[in-house]
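The structure appears right after this line, and notes come after that.
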Amino acid sequence: MSYELRPHTADVAVAATGTDLGETFAAVADGLAAAMCDRIPETGERFSFTVRAEGLEALLFDYLDQLIYERDVRGVLPVDNEATVREAGEEWVIEASARGIPLGDVSARDVKAVTYSEMRIEEAAAGWEAYVVLDV
Amino acid sequence: MTTREFDGIQLERVREFVWEIPKEGDMRVPARVLASEALLEEIGEDKTLQQLKNATQLPGITGHAICMPDGHQGYGFPVGGVGATDTENGCISPGSVGYDINCGVRMMKTNLTYADVQGREAELVDALFANIPSGLGGGGVVESDIDTVEAVLNRGVDWALEEGWAVEADLTHCEDEGVRPDADPSAVSQKAKDRGKNQLGSLGSGNHFLEVQRVTDVYRDDVAGAYGLEPDQIVVLIHCGSRGLGHQTCTDYLRKIEKRHGDLLAQLPDKELAAAPAGSELAEEYYGAMCACINFAWVNRQLIMHRVRQVFERVFDRSWESMDMHLLYDVAHNIAKKEHHTVEGEERELYVHRKGATRAFPAGHPEVPSAYRDVGQPIIIPGSMGAGSYVLRGGEASMELTFGSTAHGAGRLMSRTQAKQEFWGETVQDELREQNQVYVKAQSGATVAEEAPGVYKDVDEVVRVSDALGIGDKVARTYPVCNIKG
Chain A
0 MSYELRPHTA DVAVAATGTD LGETFAAVAD GLAAAMCDRI PETGERFSFT
50 VRAEGLEALL FDYLDQLIYE RDVRGVLPVD NEATVREAGE EWVIEASARG
100 IPLGDVSARD VKAVTYSEMR IEEAAAGWEA YVVLDV
Chain B
0 MTTREFDGIQ LERVREFVWE IPKEGDMRVP ARVLASEALL EEIGEDKTLQ
50 QLKNATQLPG ITGHAICMPD GHQGYGFPVG GVGATDTENG CISPGSVGYD
100 INCGVRMMKT NLTYADVQGR EAELVDALFA NIPSGLGGGG VVESDIDTVE
150 AVLNRGVDWA LEEGWAVEAD LTHCEDEGVR PDADPSAVSQ KAKDRGKNQL
200 GSLGSGNHFL EVQRVTDVYR DDVAGAYGLE PDQIVVLIHC GSRGLGHQTC
250 TDYLRKIEKR HGDLLAQLPD KELAAAPAGS ELAEEYYGAM CACINFAWVN
300 RQLIMHRVRQ VFERVFDRSW ESMDMHLLYD VAHNIAKKEH HTVEGEEREL
350 YVHRKGATRA FPAGHPEVPS AYRDVGQPII IPGSMGAGSY VLRGGEASME
400 LTFGSTAHGA GRLMSRTQAK QEFWGETVQD ELREQNQVYV KAQSGATVAE
450 EAPGVYKDVD EVVRVSDALG IGDKVARTYP VCNIKG
């Protein structure tokens, strides 16, 4: 899995790849962390959460939104993201975990929100690719 | 007829600084770009024009979708965009307000001159940085709980007045006197309130900042006199919004609209334009929630401003009242408001969406505070750390051309990723101090690089166009002395 920060006039975009959807979504989440912080220390405890949504794009949107919420409420920067994605009946489910670095341990800046703008989730030869614009 | 084309989008020159994308295909109205040739070249470089064209498809959009001179690509609606939709047959669009509801700017005056501050800039910037929360996780000026958040959402700056964080004059010099009566705190989610609880009275990061500035130029003596501005005077500019609470509220309503009004969304070319039909339950809920977020943002800036007064008291060893530290005005530049405008001779109530655009009501308009009604509403246009900012006043042509709006800043030119490759935060800080006598202090060096003066458009050119069109007239220019950011 890997991610890359891509230019956007006002904001920041993340392009990510993974062998499956879970890896790809987690790579986007690592990109979200990279958009906020350049140096990631080894501190922090892991936490887990589950998100459900009606479609794949909605799931990626809600997953990243939940990470931003956890960041503000727990006061941590979520890094080293891991996730599995599955379809369950009419909805999609992501079971995710992250290591939450206390914000006092990092020099981080805000990402305000995830956006649907230009969002893409596509199956590729070696797995999946995703592209998300973040509002900074 | 002079025409220009960018990526297959053709613009016709209507007159100097006014360009039109004619109505075609699914566009409900034509689009307009207010720009000089030089600014239009920059606007044409990214997806601003396509996003503006997309915005013309919003149901009930009236007149034109308009791009201000500082416009640039955003998500959904472009930044620097103005779109007025009918409150009966149109829609309200959270994505056309933006995530940072009531992101805005306020300016506080002082009776200090630049000479009073020279030699003490380092002390002042350190004191401000130590006392004004910024960046991620820095908390807020006040420690608040959910009850406090509810009161702030409901009562706006009235709450701050009761708690000793404001004086009466702060309310009379703020748009709507610092309180949106349509606020509905119950329409703001628990998640949003949880995020806002730890951030009441904080700058955040990105392009938000607090700056001590000096007035360098006055262009209209009579208006500057009415605003209480004169050359060499020290003023304080505060640029921030509704923090996580507002961001979460926009996110929540985008998702609600997606689930409940998928049929309308399917007709729009970009999901970020998500709109609730006028008169629907969600339109009313969003409007109430947005107005509550507007209140939160006003209190946020009020708390920061009052804390600045306390910092100045300590640094200059005088009371803030003796330094005449009074609010000039507070403007919102991410907002939608129900307003009455005359369209083709008929008065109509419209939701005026201003996303990266500032209200610019002219002299005589009843919604301009009485203190400024004779000269027009103050407009504050923040510039970059190296280029200075402007105070304008609402121009006579704004009601006809822009639903009473003008630009909101310099507008970005360069991406944040590219800025970090081209600039190094510490170098930018050193150069600004040594060459421009501007003292900058930030939580993150990367933020300084991302906000380096070179990443912005020419604010002088943006203001020149606003002034020439008569939508926002130049009153004064200010230049940074100290700048803090997240």
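Taken in order, these protein sequences are the chains called A and B.
Per numbering that gives the first Met the number 0, the first sequence starts with residue 0, numbered consecutively.
Per numbering that gives the first Met the number 0, the second sequence starts with residue 0, numbered consecutively.
Even glycine gets a Cβ: it sits at the ideal position worked out from N, Cα and C.
DSSP state of residue i, grouped into three classes?
i      : result
A33/A  : helix
Y115/A : coil
T42/A  : coil
F48/A  : strand
A418/B : helix
Y98/B  : coil
V374/B : coil
S1/A   : strand
D491/B : The first residue shown for chain B is 0 and the last is 485, placing residue 491/B beyond what the model contains.
P58/B  : coil
R557/B : Nothing about residue 557/B can be reported from this structure: the residues present for chain B run from 0 to 485 only.
A129/A : strand
C66/B  : strand
L55/A  : helix
A451/B : coil
V214/B : strand
P77/B  : strand
G177/B : helix
T18/A  : coil
G43/B  : coil
R73/A  : helix
I483/B : strand
H339/B : strand
T1/B   : coil
From the options, pick the residue whose C-alpha is nearest to that of residue i; which is it?
i      : options                           : result
E40/B  : D457/B, G139/B, A64/B and E120/B  : D457/B
G70/B  : R476/B, G485/B and V464/B         : V464/B
Y62/A  : I39/A, G74/A, V113/A and T18/A    : V113/A
G382/B : E23/B, G453/B, V351/B and D269/B  : G453/B
T109/B : W319/B, L412/B and D221/B         : W319/B
G75/B  : Q56/B, D193/B and C173/B          : Q56/B
G410/B : G163/B, A165/B, Y455/B and D429/B : Y455/B
V110/A : D157/B, N333/B, G205/B and I65/B  : G205/B
A296/B : L267/B, I237/B, A273/B and E284/B : I237/B
T518/B : I65/B, Y98/B and L431/B           : Nothing in the structure corresponds to residue 518/B, since chain B is present only between 0 and 485.
F5/B   : V342/B, H332/B and K46/B          : K46/B
H207/B : N299/B, L170/B, N153/B and T147/B : N299/B
Quick check: the Cα distance between residue i and residue j, rounded to an integer number of angstroms?
i      : j      : result
Y130/A : E176/B : 42 angstroms
A446/B : T215/B : Note on residue identity: the sequence assigns Thr, not Ala, to residue 446/B. Each residue's alpha carbon lies about 26 angstroms from the other.
A370/B : D472/B : 18 angstroms
S185/B : V151/B : 12 angstroms
G139/B : R317/B : 25 angstroms
H325/B : S201/B : 20 angstroms
R98/A  : P77/A  : 5 angstroms
V434/B : Y478/B : Note that residue 434/B is Gln in the sequence shown here, rather than Val. Whole-angstrom Cα-Cα distance: 13 angstroms.
V439/B : G137/B : 18 angstroms
G73/B  : R45/A  : 34 angstroms
P377/B : V390/B : 7 angstroms
L102/A : D79/A  : 15 angstroms
G363/B : V374/B : 8 angstroms
V32/B  : V17/B  : 6 angstroms
A9/A   : I42/B  : 13 angstroms
V116/B : L264/B : 54 angstroms
G240/B : G30/A  : 25 angstroms
V486/B : A441/B : For chain B, the structure presents residues 0 to 485; residue 486/B sits outside this window and is missing.
L488/B : Y113/B : Residue 488/B lies beyond the range of chain B shown here (0 to 485); nothing can be said about it.
F422/B : L281/B : 44 angstroms
E449/B : Q417/B : 8 angstroms
R259/B : E271/B : 15 angstroms
To the nearest whole angstrom, what separates the beta carbons of residue i and residue j, a pair I think is in contact under 8 angstroms?
i      : j      : result
I120/A : L66/A  : Their Cβ separation, rounded to whole angstroms, is 17 angstroms, which puts I120/A and L66/A out of contact at 8 angstroms.
Q198/B : G243/B : 6 angstroms
E120/B : V480/B : 6 angstroms
A107/A : L135/B : 4 angstroms
M304/B : M107/B : 5 angstroms
C102/B : R179/B : Not a contact, Cβ separation roughly 15 angstroms.
D329/B : R105/B : 4 angstroms
R5/A   : A12/A  : 4 angstroms
H63/B  : V28/B  : 6 angstroms
In chain order, which continuous runs of the beta strand (DSSP E) of length 3 or greater are located wholly inside the region 380-428 of chain B?
Taking 3 residues as the minimum length, the beta strand (DSSP E) runs contained wholly in the region 380-428 of chain B are 388-393, in order along the chain.
At 4 residues or longer, and completely inside the region 89-151 of chain B: list those alpha helix (DSSP H) runs for me, N to C.
Qualifying alpha helix (DSSP H) stretches, in chain order: 113-116 and 120-130.
In chain order, which beta strand (DSSP E) runs of at least 3 residues are fully inside the region 228-258 of chain B?
Residue ranges of uninterrupted beta strand (DSSP E) with 3 or more members, entirely inside the region 228-258 of chain B and ordered along the chain, are 232-239.
Please specify which runs of the alpha helix (DSSP H), each continuous and at least 4 residues long, are wholly inside the region 81-117 of chain A, giving them in chain order.
You should have found no qualifying run.
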